[in-house]
Amino acid sequence: MSKSAIPTGSNKTRSEHLLQEHVHDAYKSKGKLPEPTVCPQCGAVFHAGRWQWLQAPAGAHQETCPACHRIHDDYPAGFLTLEGEFFHAHRDEIMHLVHNVEKRERAEHPLKRIMAVEETKNGGMLVSTTDPHLARGIGEALHHAYQGELKFHYNNEENLLRVNWTH
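Each residue of the sequence shown is one higher than the one before, starting from 49 at the first, in this note's numbering.
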């Protein structure tokens with residue numbers, strides 16, 4: 049049946065299914081964790097299907113959360129590079145914004161953390177994160193506040209996001 053022969057408003061469904069590629073992330077749990085589970089490093093609690101900042105109940109199962117696992121292995125999920133003359137002139141103010149975004153995100157999502165902040169050879173900064181969405185969120189907040197040039201590069205094989213903000 050050609051596309052033009054299908055009546056308007058028809059709920060005809062396709063029998064073909066798109067195959068989704070399997071994304072391998074060694075830092076995601078292999079199965080459902082027993083509830084409650086507490087991370088012995090940071091104290092985050094896995095409850096109601098997600099990691100949260102809660103008081104750990106007595107006798108809770110213990111397992112390292114994905115963020116602490118990444119920090120231990122020094123294997124970030126996101127990198128944010130900050131460069132440019134404007135950045136150099138307003139470094140303290142911009143880094144304050146970076147840390148405020150991380151603080152806000154981390155309060156709601158324990159797996160979104162800054163792992164390290166390092167100065168680059170050209171005087172810029174490299175911020176590594178435990179979550180690619182945090183790197184993207186910080187980059188977007190900087191772009192919203194100060195404009196500049198914002199670029200993203202996602203590497204599917206490594207499950208890694210590189211964000212570059214220049215101004």
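Cβ atoms here follow ideal geometry from the backbone N, Cα and C, with glycine treated the same way.
- For N212, no alpha helix (DSSP H) run applies; the uninterrupted beta strand (DSSP E) run containing it begins and ends at L208 to T214, by DSSP.
- Cα atoms of R161 and H117: separation of roughly 12 Å, rounded to the nearest angstrom.
- Along the segment 80-164, the alpha helix (DSSP H) occurs as fully enclosed runs of 4 or more residues at 114-121, 133-137 and 139-156, listed in sequence order.
- In this structure, the alpha-carbon of Y202 lies about 10 Å from that of F127.
- Under DSSP, E197 shares a beta bridge with T214.
- Counting C-beta atoms within 10 angstroms of its own C-beta, E153 has 16 or more neighbours from the protein chains shown and is therefore classed as buried.
- The beta carbon of I119 lies closer than 6 Å to those of M163 in the same chain, with the five residues before and after it left out.
- About 20 Å separates the CB atoms of G185 and G132; that is not less than 8 Å, and the two are not in contact.
- For E188, the secondary structure class from DSSP, reduced to helix, strand or coil, is helix.
- The closest CA to that of E156, considering only N204, M143, V93 and P105, is found on V93.
- Sequence-distant Cβ neighbours of W101 in its own chain, meaning closer than 8 Å and more than five residues away, are G91, A92, V93, A155 and P158.
- It is roughly 11 Å from the alpha-carbon of L190 to the alpha-carbon of A183.
- Excluding the 5 residues flanking it on each side, Y75 has same chain C-beta neighbours closer than 7 Å at P114, H117 and R118, in chain order.
- For A137 and L174, the gap between their C-alpha atoms comes out near 17 Å.
- By the CB criterion at 8 Å, P105 and S176 fall outside the cutoff.
- By the Cβ-count criterion, D179 is buried, with 16 or more other Cβ atoms from all chains shown falling within 10 Å of its own Cβ.
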